[in-house]
Structures are given as structure tokens and as C-alpha cells.
Amino acid sequence: CPYGYKLWRGICYKAFDTSNIFSDATAACGEDGGTLAMARDAEINAFLVTLMRYKTTYLFGLHDRREEGSYEWVDGSALGEYSSWAPGEPNNHGDGEDCVITHPVFTDKWNDAPCDHPYRFIC
Numbered sequence: 070c071p072y073g074y075k076l077w078r079g080i081c082y083k084a085f086d087t088s089n090i091f092s093d094a095t096a097a098c099g100e101d102g103g104t105l106a107m108a109r110d111a112e113i114n115a116f117l118v119t120l121m122r123y124k125t126t127y128l129f130g131l132h133d134r135r136e137e138g139s140y141e142w143v144d145g146s147a148l149g150e151y152s153s154w155a156p157g158e159p160n161n162h163g164d165g166e167d168c169v170i171t172h173p174v175f176t177d178k179w180n181d182a183p184c185d186h187p188y189r190f191i192c
């Protein structure tokens, strides 16, 4: 794994404490040869939570930018069976929430959020 990354189930992960908007976070992960993290099951989701040093929001690789309500991972695959939405989410609040972050209160739960707002992120 690149420096600062943790290997888990054959994949390298890192939570960044700097904040970026979705496109810049995607580019930062790409510079290290990866993508934003994809929490495809409960075990991966739980592991990602262990990487978060701060009880705050972290951006990861899920979005519905192509079609509202149709969530897909950054590799283009569909959300699938597993999800971990916080109560009342996703809600597309203000008609502009197309990216997904960890919830600020329920850190293992997800919240849809604006893609143009800077968040800490996980590759």
C-alpha cells in the first residue's frame, strides 16, 4: 500500500484529514492509484469508521449525480443490496445532494450531501 494507507481484505484504504470537494477528492485518490472508498458491505463500512480520526463527516465513493435517487459507486456499479442510510436519508435536501458522506452524528450511517462542499474523504 502507499504510505499512510491500511491494507484490509486485499484493498488499501486511507482517511484524509484535509477537505476536498468530490471532484478534487476523486483526483487525490487517483494520484495514489485508487478511488474514493466503496463501502459495499457492513464489514467494509465498519472498517472505514475505524479509519476516521474525527467524529465528523467523511466523503466516500457513492453518488447519484447521473440520475437522482439512483445511487452508484465511483466505478459505475449500482449501489446493490447493502446500504447504511441514517434515519430520514437520503433526502436530497435543497435539491442538490448528489454525493454521500458519513453522518455527523451516526458515524456508521450515510447522509446525502452536496458534491461541491469540501469534506474529509476516504480513498
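All residue numbers for the sequence shown refer to the numbering used here, where the first residue is 70 and numbers rise by one. All residues carry an ideal CB built from backbone N, CA and C; glycine is no exception.
As the crow flies, the alpha-carbon of proline 71 is around 9 Å from that of lysine 83. By alpha-carbon distance to serine 146, the top candidate from Gly130, Thr125 and Asp86 is Gly130. The alpha-carbon of histidine 186 is positioned some 11 Å away from that of valine 169.
Within the same chain, Pro159 and Asn161 come within 8 Å of glycine 138 by CB-CB distance, once the 5 residues on both sides are set aside. Here the alpha carbons of alanine 97 and tryptophan 179 stand approximately 22 Å from one another.
Taking C-beta atoms as the reference points, leucine 120 and alanine 108 fail to come closer than 8 Å.
In the DSSP assignment, asparagine 161 is bridged to no other residue. Looking at the backbone, the Cα of cysteine 81 and that of tyrosine 74 are separated by about 6 Å.
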